[in-house]
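See structure below.
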Amino acid sequence: MACSSKCLSLLELLSFWCLMSFVQAKPDAEAMALLRWKETLNQSFLRSWTLEPNNGNLTSHSHSHCKWFGISCNKDGSITSINLQGALFGGNLSNLDFSSFPSLVSLNLSNNNLTEHIPPQLGMLSKLAYLNLSMNYLSGFLPVSLANLTQISLLYMGNNLISGELDQRLFSNWTKLQYLEFQNNNFTGMIPPEIGHLTNLKELALSNNRFHGVIPSEIGNLKSLKALALHVNHLSGPVPPSFGNLSELTTLFLHQNKLSGPFPRCLLSCEKLGDLRLFDNQLSEILCGLRDSSFTSL
């Protein structure tokens, strides 16, 4: 009986030791992943990314990486935010091991001269709520794995070189998304009707791309939408009557497309709409009944 108790105590001790080793190893793995990525970048902004002296390893419980430039951690030392906006370090995302950051909530790498494609592994950041990759030179298709970002609320990828069609599967799980900016890229194809599933969306910017076809009527389901920018594309057909349901809409940019038909009178139901731009289309009777309106740039 005594032997059993001693064996049990030893087993519990070993289990606890293994657990503590794992807890300590996770922040260390995050730091090492950043250091490996640093080696591929212009490091002028990343001088603080160094290990504390201890034979080249991180010291136990030090969490020194939490003091690095652009890095924020939780109380356990696990990285929750990486904000390197405007650091201009170049490089690409393929050299960053995204699987090493299970607690990451916010990632801002905008304006950094990043090149090449967006790696599918980015979809492994299951807790990510804020992602900003705008103002870079990212190219290639948008990986479908980003549909796994079920907590995403703000998604900014404007001003890149991203191409291809928007896969409808991307919009299946983004139910918390409020801001979506894909403007100034090289997207092609039609705007997927599934975009109407993003019912919490407040801002949608798809301007300055190469989208064609009709504007999906499902956008009228986005009752929280305040700003919609679809200008400078190849969109055709009428403005969907469902746009009359967008009661919170204040800004609507549809100019420089191939839209046709009469002026969309459904927009008269959008009482908060103050900035409406429809020029350089093939719409008729644009000014009819609007001489006393507050709309601008018709």
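Read in order, the letters of the sequence shown are residues -25 to -1, 1 to 273 in mature numbering (1 follows the signal peptide of the UniProt record, and there is no 0). Backbone N, C-alpha and C define an ideal beta-carbon position, used for all residues, glycine too.
{"Asked": "Contact set for N256: own chain, Cβ-Cβ below 8 Å, skip 5 residues either direction", "Found": "L229, H230, Q231, N232, K233, L234, S235"}
{"Asked": "Three-state secondary structure (DSSP) of H209", "Found": "strand"}
{"Asked": "Own chain residues within Cβ distance below 6 Å of L203, not counting five before or after", "Found": "L179, L227"}
{"Asked": "Whole beta strand (DSSP E) elements within the segment 150 to 186, 3-residue minimum", "Found": "154 to 156, 161 to 163, 178 to 180"}
{"Asked": "DSSP state of R22 mapped onto helix, strand, coil", "Found": "coil"}
{"Asked": "First and last residue of the uninterrupted beta strand (DSSP E) at I57", "Found": "54 to 58"}
{"Asked": "Rounded C-alpha distance that separates F254 from L221", "Found": "21 Å"}
{"Asked": "Sheet register partners of E140 (DSSP bridge)", "Found": "T163"}
{"Asked": "Per-residue DSSP class, three states only, for Q126", "Found": "coil"}
{"Asked": "Bridge partner(s) assigned by DSSP for T90", "Found": "N67"}
{"Asked": "Nearest residue (CA-CA) to N123, options Y112, L152, I137, G133", "Found": "L152"}
{"Asked": "Of the residues W43, F20, G164, N17, the one placed nearest A6, counting alpha carbons only", "Found": "W43"}
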